[in-house]
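A.B. asks: Take this structure, written in structure tokens, and hold onto it; I'll ask about it next.
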Amino acid sequence: MATTADIVIIGGGVMGCSILYNLAAMGAKNLVLLERDTLGSGSTGKSQAICRMHYSNPVTTLMAWESMKIYRSFPEVVGAEAGYVTTGYLVVVGPQDREAIEQNVAMQQELGIDTRLVTAGDVAEIAPMLSVQDAGGMAYEPQSGYADPHSVTSGYAAMARELGAKVILSSPVRSIETSGDRVTAVVSDQERIETDTVVVAAGPWARSLVSPLGIELPLDTVRHQLLIMRRPAGRIPQHPGVGDIAQEFSFRPDSTHLTLVGGREDPADPDTYNQGVDLDMVEEYTTKLVHRMPAMSEGGFQDGWSGLFTITPDWHPILDRVNGVSGLYCAVGFSGHGFKLAAMIGISMAELVLEGKAKAVDIRPLRFSRFEEADLMRSRYRYNVLA
Ligand SMILES: Cc1cc2nc3c(=O)[nH]c(=O)nc-3n(C[C@H](O)[C@H](O)[C@H](O)COP(=O)(O)OP(=O)(O)OC[C@H]3O[C@@H](n4cnc5c(N)ncnc54)[C@H](O)[C@@H]3O)c2cc1C
21 MATTADIVII
31 GGGVMGCSIL
41 YNLAAMGAKN
51 LVLLERDTLG
61 SGSTGKSQAI
71 CRMHYSNPVT
81 TLMAWESMKI
91 YRSFPEVVGA
101 EAGYVTTGYL
111 VVVGPQDREA
121 IEQNVAMQQE
131 LGIDTRLVTA
141 GDVAEIAPML
151 SVQDAGGMAY
161 EPQSGYADPH
171 SVTSGYAAMA
181 RELGAKVILS
191 SPVRSIETSG
201 DRVTAVVSDQ
211 ERIETDTVVV
221 AAGPWARSLV
231 SPLGIELPLD
241 TVRHQLLIMR
251 RPAGRIPQHP
261 GVGDIAQEFS
271 FRPDSTHLTL
281 VGGREDPADP
291 DTYNQGVDLD
301 MVEEYTTKLV
311 HRMPAMSEGG
321 FQDGWSGLFT
331 ITPDWHPILD
341 RVNGVSGLYC
351 AVGFSGHGFK
361 LAAMIGISMA
371 ELVLEGKAKA
381 VDIRPLRFSR
391 FEEADLMRSR
401 YRYNVLA
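Using the numbering used here, the letters of the sequence shown map in sequence onto residues 21 to 407.
This is the structure:
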């Protein structure tokens, strides 16, 4: 007997699992998620998982804000733990970006986001361990923080299973079959599942899954390095997350004595990239960190890892149905800022698939056709990952 599903989701990262859960929560039945390895084994499990709202455009600002609210109340809303830790988040820009940060904060405040411009005097009270003399402008978000990507991903999957969805691991999808212009089946190493609806949330590997159907997703992959730094005992018990646009990096606390530092991006092959960190990166980013948090001169490098950003030409995702292949949807291209959006991406994609249109947030700015229409998402800064 042929296996059938109403909807098949390909990829068990935070996006696939959030989409699966939200489809199930909205009443969809006969759902299957296929993951080639384990849940969170792609970019999700390597994420710095910072949740903040500072962006240059309303769609991502709103998604981050609504997602953060869900992460903060994950046990009540979803029924699982998210490990959300409130740290506050400070955005620091150089003098050339003063106007940009003012415009961003004004836009965010209009949307109801809890953020404000702050001065060096404010920062001396909020975060006295930071040195901000060179800042041209700063904004502070008191509710921002970070969550645990493994808990969120496995939490969504577990709750989707409780609602009847199937999550199948170690099950690489080899092809998506079509007849005419319609999706008809998904073929994995284990089985062929007949379905008329497929959501591709396969990170960097999405491109090769859909290209046999004549669809070229404009996706590329870069390697992003993260350093684990030890803070000097007792000197910096805590600190906020920091988006240091002036120096083009970010950092956040992890536990009582560690700080995670996000560094630069280099082109990478998703199947063979170096998952460790480079020594010159350790030197360069330690210097940046000490500049912003001087007591770190007494701290030290402990370890690090690298993960993948799946990038589009504007470093923003594609959330859309795929024109020309009826029943095919994609949620891909989250670069280095997808985790904080994932709760709302799950809701928006579920609405798109079930109701024909995302309602909670207008996701049309993230449509696939924006690239050929030259209507790309723009940052007010030069560094798209940070805002
Ligand atoms: C080092 C690093 C730091 C980051 N920091 C932050 C941050 O601070 N804040 C933030 O918001 N975001 C951050 N991000 C980005 C965020 O983690 C990603 O945007 C997000 O995890 C992407 O999730 P995903 O589900 O799309 O992709 P993935 O987690 O990569 O999931 C895709 C899944 O698809 C599976 N798959 C692929 N091909 C197939 C196939 N053929 N069949 C079945 N399964 C398949 C893979 O095994 C994988 O599990 C960071 C990312 C990295 C790497």
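For glycine and all other residues, C-beta sits at the position ideal for the given N, C-alpha and C. It should be emphasised that the depicted structure is a prediction, and the values quoted were computed from it without experimental measurement.
Extract the residue ranges of the beta strand (DSSP E) inside the stretch 101-133, only unbroken runs of 3 or more that lie entirely within it.
C.D. replies: List check, beta strand (DSSP E) in window: 109-113.
A.B. asks: In whole angstroms, what is the alpha-carbon distance linking S275 and D168?
C.D. replies: By 1-based counting over the sequence shown, the position of residue 275 is 255. By 1-based counting over the sequence shown, the position of residue 168 is 148. For S275 and D168, the distance between alpha carbons rounds to 12 angstroms.
A.B. asks: Leaving aside the five residues before and after R212 along the sequence, list all residues of the same chain whose C-beta is less than 6 angstroms from its C-beta, in chain order.
C.D. replies: Translated into the one-based positions of the sequence shown, residue 212 becomes position 192. Answer for R212: A205, listed in chain order.
A.B. asks: Which residues in the same chain as H170 place their Cβ atom closer than 7 angstroms to its Cβ, once the five residues preceding and following it in sequence are excluded?
C.D. replies: Along the sequence shown, one-based indexing puts residue 170 at 150. These residues qualify, in order along the chain: G60 and G65.
A.B. asks: At what residues does the alpha helix (DSSP H) containing T306 begin and finish?
C.D. replies: Along the sequence shown, one-based indexing puts residue 306 at 286. Looking at the DSSP string, the run of the alpha helix (DSSP H) that includes T306 is L299 to R312.
A.B. asks: Quick check: A221 and V302, are their CB atoms within less than 8 angstroms of each other?
C.D. replies: As a working note, residue 221 is residue 201 in the sequence shown. As a working note, residue 302 is residue 282 in the sequence shown. Cβ distance not < 8 angstroms, so A221 and V302 don't count as in contact.
A.B. asks: Report the residue ranges of all alpha helix (DSSP H) runs contained in full by the stretch 212-289; include only those spanning at least 4 residues, in chain order.
C.D. replies: Runs found: 226-230.
A.B. asks: Just to confirm, does W335 get its C-beta within under 7 angstroms of one of the non-hydrogen atoms of ligand 1?
C.D. replies: Locating residue 335 in the sequence shown gives position 315, where the first residue counts as 1. No, since every heavy atom of ligand 1 falls outside the 7 angstroms radius drawn around the Cβ of W335.
A.B. asks: On the DSSP letters alone, give me the boundaries of the alpha helix (DSSP H) that G141 sits inside.
C.D. replies: Position 121 of the sequence shown, counted from the first residue, corresponds to residue 141. Run containing G141: A140 to I146, per the alpha helix (DSSP H) assignment.
A.B. asks: Just mark G47 as buried or exposed, buried being the case when its beta carbon has 16 or more other beta carbons within 10 Å.
C.D. replies: Reading the sequence shown from its first residue, position 27 is the one you call residue 47. Exposed: under 16 other Cβ atoms inside 10 Å.
A.B. asks: Three Cβ pairs or more, each shorter than 8 angstroms: is that satisfied between the stretch 108-115 and the stretch 152-165?
C.D. replies: The stretch 108-115, when compared against the stretch 152-165, does touch it at the 8 angstroms Cβ threshold.
A.B. asks: In whole angstroms, what is the alpha-carbon distance linking R398 and Y75?
C.D. replies: Counting from one through the sequence shown, the residue named residue 398 turns up at place 378. Counting from one through the sequence shown, the residue named residue 75 turns up at place 55. Their backbone Cα atoms lie some 10 angstroms apart in a straight line.
A.B. asks: Within this structure, are the beta carbons of L45 and L183 separated by less than 8 angstroms?
C.D. replies: As a position in the sequence shown, residue 45 is number 25, starting the count at 1. As a position in the sequence shown, residue 183 is number 163, starting the count at 1. Going by the sequence as given, residue 45 is Ala instead of Leu. It is a contact, given that the beta carbons lie within the stated cut-off.
A.B. asks: Select from V105, T24 and G99 the residue whose C-alpha is nearest the C-alpha of Y41.
C.D. replies: Start at 1 with the first residue of the sequence shown, and residue 41 comes out as number 21. Selected option, being the one with the closest Cα: G99.
A.B. asks: Is it a yes or a no for the stretch 262-273 touching the stretch 111-125, going by three-plus beta-carbon pairs under 8 angstroms?
C.D. replies: The answer is yes - the stretch 111-125 touches the stretch 262-273, with three or more Cβ pairs under 8 angstroms.
A.B. asks: Is the shortest distance between the beta-carbon of P224 and the beta-carbons of chain C less than 8 angstroms?
C.D. replies: Of the protein chains in the structure, only one exists, and it is not chain C.
A.B. asks: Taking all protein chains shown into account, decide if V143 is buried (16 or more other Cβ within 10 angstroms of its Cβ) or exposed.
C.D. replies: To locate residue 143, count along the sequence shown from 1; it is residue 123. That one is buried.
A.B. asks: Can you say whether V172 is buried or exposed, counting buried as having 16 or more other CB atoms within 10 angstroms of its CB?
C.D. replies: Working through the sequence shown from its first residue, we reach residue 172 at position 152. That one is buried.
A.B. asks: Assign Q322 to one of two classes, buried (16 or more other C-beta atoms within 10 Å of its C-beta) or exposed (fewer than that).
C.D. replies: As a working note, residue 322 is residue 302 in the sequence shown. Exposed.
A.B. asks: Using DSSP with H/G/I as helix, E/B as strand and the rest coil, what is T330?
C.D. replies: Walking along the sequence shown from the start, residue 330 turns up at place 310. Reduced to three states, the DSSP call for T330 is strand.
A.B. asks: For a test of the three-state rule: what should DSSP assign to A351, helix, strand or coil?
C.D. replies: Sequence index remark: in the sequence shown, residue 351 carries index 331 (1-based). Strand, per DSSP.
A.B. asks: Would you tell me roughly how many angstroms separate the C-alpha atoms of L137 and A226, rounded to the nearest one?
C.D. replies: As a working note, residue 137 is residue 117 in the sequence shown. As a working note, residue 226 is residue 206 in the sequence shown. One C-alpha to the other measures close to 39 angstroms.
A.B. asks: Below 8 angstroms CB to CB, which residues in the same chain sit around E122 once its five sequence neighbours on both sides are set aside?
C.D. replies: Locating residue 122 in the sequence shown gives position 102, counting from the first residue. Excluding sequence neighbours, E122 sits near L137 and G157.
A.B. asks: How is K49 classed by DSSP in three states: helix, strand or coil?
C.D. replies: Counted from its first residue, the sequence shown places residue 49 at position 29. Reduced to three states, the DSSP call for K49 is coil.
A.B. asks: Go through its chain and collect everything with a Cβ distance to P224's Cβ below 6 angstroms, but skip five positions before and after it.
C.D. replies: What you label residue 224 is simply residue 204 of the sequence shown in a count that begins at 1. Here the set comprises T241, P290, L328 and T330.
A.B. asks: Answer with buried or exposed for T292, where buried requires no fewer than 16 other C-beta atoms within 10 angstroms of its C-beta.
C.D. replies: Working through the sequence shown from its first residue, we reach residue 292 at position 272. Answer is exposed; the Cβ neighbour count stays below 16.
A.B. asks: Pick helix, strand or coil for E161, following the three-state DSSP scheme.
C.D. replies: By 1-based counting over the sequence shown, the position of residue 161 is 141. The answer is strand: DSSP assigns E161 an E or B state.
A.B. asks: Could you tell me whether the stretch 250-261 touches the stretch 314-321, using the rule of 3 or more Cβ pairs below 8 angstroms?
C.D. replies: Yes, the stretch 250-261 is in contact with the stretch 314-321.
A.B. asks: Leaving out five residues before and five after P333 in sequence, what residues of the same chain have Cβ atoms less than 7 angstroms from its Cβ?
C.D. replies: Residue 333 sits at position 313 when you count from the first residue of the sequence shown. Cβ within range, chain order: P238, F391 and L396.
A.B. asks: Does DSSP put Y166 in a helix, a strand or coil?
C.D. replies: Your numbering for residue 166 matches position 146 in the sequence shown. Y166 falls in the strand class under three-state DSSP.
A.B. asks: Please classify R202 as buried or exposed, where buried requires at least 16 other C-beta atoms within 10 Å of its C-beta.
C.D. replies: Start at 1 with the first residue of the sequence shown, and residue 202 comes out as number 182. By the 10 Å Cβ count, R202 comes out exposed.
A.B. asks: What are the boundary residues of the beta strand (DSSP E) that includes S409?
C.D. replies: Nothing can be reported for residue 409: it is not among the residues displayed for the chain, which extend from 21 to 407.
A.B. asks: Are the beta-carbon atoms of G283 and L309 separated by less than 8 angstroms?
C.D. replies: Along the sequence shown, one-based indexing puts residue 283 at 263. Along the sequence shown, one-based indexing puts residue 309 at 289. In this structure, L309 does not lie closer than 8 angstroms to G283 by Cβ.
A.B. asks: Name the one or two DSSP bridge partners that K186 has.
C.D. replies: The residue given as residue 186 occupies position 166 in the sequence shown. Paired residue(s): V52.
A.B. asks: Does T173 come out as helix, strand or coil in the three-state DSSP assignment?
C.D. replies: To locate residue 173, count along the sequence shown from 1; it is residue 153. Note: T173 maps to helix in three-state DSSP.
A.B. asks: Sort E393, S389 and A363 by Cα distance to V97 and report the nearest one.
C.D. replies: In the sequence shown, residue 97 corresponds to position 77, counting from 1. Comparing Cα positions, the closest option is A363.
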